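**Q** Residues 1 to 229 in UniProt numbering are what the sequence shown lists, from first letter to last. The beta carbon of each residue, even a glycine, is placed where N, CA and C say it ideally should be. Source: prediction; values computed, not measured.
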Amino acid sequence: MSDFLNVTELPENIGDLEFLENLHISDSGIKALPSSINQLENLVFLRCSGCKGLTLPPLTEHKDEDRIENFLRIENFLDFSNCFSLDKEKVMKDVLKTHLLKHKIVRLCIPGDEVPQRMRYKNQSGSSLSFTLDQPNLIGVSLCLVFDPKNHYGYHVRFICEAQFIDKSGHNSKNSKFSFQYTWMTNLLESEHVYLWNELFDMEDSFVEASFQFFIEHFSLKPQHNSRL
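1. How many angstroms separate the CA atom of I160 from the CA atom of I216?
2. Restricting to Cα atoms, I'd like to know which of G29, S127, N38, E21 is closest to N13.
3. Taking the alpha-carbon of I25 as reference, which of V106, K174, L200, L78 has the nearest alpha-carbon?
4. Cα separation between E190 and S85?
5. Please report the distance separating the alpha-carbon of P11 from that of Y153.
6. Assuming C144 contacts Y195 (C-beta within less than 8 Å), just tell me the rounded distance between them.
7. Closest to V115 by C-alpha separation, out of T98, G50, F131, V91, would be which residue?
8. The beta strand (DSSP E) that contains V146, what's its start and end?
9. Between which two residues does the beta strand (DSSP E) carrying E209 extend?
10. Taking the alpha-carbon positions, what's the S211 to H99 distance?
11. Pick out the complete beta strand (DSSP E) segments inside the region 94-138, 3 residues or longer, and give them in chain order.
12. Would a C-beta distance cut-off of 8 Å place N82 and G50 closer than the cut-off?
13. Could you name the residues that DSSP lists as bridge partners for I166?
14. Scan the UniProt domain "Disease resistance R13L4/SHOC-2-like LRR" (6-53) and note each continuous beta strand (DSSP E) run of 3 residues or more that stays entirely inside, going in chain order.
15. Which residue wins for smallest C-alpha separation from R120, given the options G170, I139, L96?
16. Under 8 Å, do Q124 and E162 count as touching if we go by C-beta distance?
17. Excluding sequence positions up to five away, which residues of its chain have a Cβ less than 6 Å from the Cβ of K168?
18. Which first and last residues belong to the beta strand (DSSP E) in which Y195 is found?
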């Protein structure tokens, strides 16, 4: 479903569509999602881009972890680009909670100009980050960046993060590369947006330091090239 400006609501019993995997309501007049959306256990892709007055039902009501489990399946992409009425702090908090679940991959796009307060390691500016690890045996990482579309007008973008880990002996691991592909034209974004996602892995070695470098890869009909954040 897309470009239906006259569509203002979804049926309350949408939660009965137990096999629904993709829900696309971008640029519609929908202002709220029904609470039964939490029952869509197979929902993988929720795209609400341009629903500027959209509000969400509570996904973590009464601290019910099963509610998160049901709504955020094995891998999910939540596209809330240009959805300016959302409580972005609450949404990002819910997504970060799912990142603590070892088998969950959740990717989020939402308006904003700051990374969540709950992110343990942050930089003040630039596109790189280094720090000492307080937990040497990592099972995964949550990654977050703020993207200004004015600097990359007219392109589809892929966010790349290159990570390197250092053990107690000073030996470097092989570079790990993580990516978040956003396939909409950046000129459709009306403000800065936050991109939040996680990567899961099992590390055989213990590491004491980590460094991350973020950059952007453009892809369009023009020749492909790289651009720094």
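**A** Reading from the atomic positions:
1. Within the sequence shown, residue 160 is the residue found at index 160, counting from 1. Within the sequence shown, residue 216 is the residue found at index 216, counting from 1. Near 6 Å, if we compare the C-alpha coordinates of I216 and I160.
2. Your numbering for residue 13 matches position 13 in the sequence shown. Proximity to N13 across G29, S127, N38, E21 peaks at N38, based on C-alpha coordinates.
3. Reading the sequence shown from its first residue, position 25 is the one you call residue 25. Nearest C-alpha to I25 among V106, K174, L200, L78: L78.
4. Translated into the one-based positions of the sequence shown, residue 190 becomes position 190. Translated into the one-based positions of the sequence shown, residue 85 becomes position 85. Going from the Cα of E190 to the Cα of S85 covers about 14 Å.
5. The count along the sequence shown starts at 1 and reaches residue 11 at position 11. The count along the sequence shown starts at 1 and reaches residue 153 at position 153. Answer to the nearest angstrom: the Cα atoms are 37 Å apart.
6. On the sequence shown, position 144 is the one that residue 144 refers to. On the sequence shown, position 195 is the one that residue 195 refers to. C144 to Y195, Cβ: 7 Å. Contact.
7. Locating residue 115 in the sequence shown gives position 115, where the first residue counts as 1. When each option's Cα is compared against that of V115, the closest is V91.
8. Counting from one through the sequence shown, the residue named residue 146 turns up at place 146. If you look at V146, you'll find it in the beta strand (DSSP E) that goes 140-147.
9. Residue numbering aside, residue 209 sits at position 209 when the sequence shown is read from its first letter. Start and end: 209-219.
10. The residue you call residue 211 lines up with position 211 of the sequence shown. The residue you call residue 99 lines up with position 99 of the sequence shown. Taking the straight line from one Cα to the other gives about 20 Å.
11. At a cut-off of 3 residues, the continuous stretches assigned as beta strand (DSSP E) that sit fully inside the region 94-138 are 105-111, 128-132.
12. The sequence position of residue 82 within the sequence shown is 82, counting from 1. The sequence position of residue 50 within the sequence shown is 50, counting from 1. Result yes, Cβ atoms of N82 and G50 sit closer than 8 Å.
13. As a position in the sequence shown, residue 166 is number 166, starting the count at 1. In the DSSP output, where bridge partners are listed per residue, I166 has N172, E209.
14. Taking only runs of at least 3 residues, the beta strand (DSSP E) segments lying wholly in the UniProt domain "Disease resistance R13L4/SHOC-2-like LRR" (6-53) are 22-24, 45-47.
15. In the sequence shown, residue 120 corresponds to position 120, counting from 1. Comparing Cα positions, the closest option is L96.
16. On the sequence shown, residue 124 is found 124 positions in, with the first residue counted as 1. On the sequence shown, residue 162 is found 162 positions in, with the first residue counted as 1. Their beta carbons are not under 8 Å apart, which means Q124 does not touch E162 by this criterion.
17. Mapped onto the sequence shown, residue 168 falls at position 168. Excluding its 5 nearest sequence neighbours in each direction, K168 has C-beta neighbours in its own chain below 6 Å: V208, listed in chain order.
18. Taking the sequence shown and counting its residues from 1, the one referred to as residue 195 is at position 195. Run containing Y195: 193-200, per the beta strand (DSSP E) assignment.
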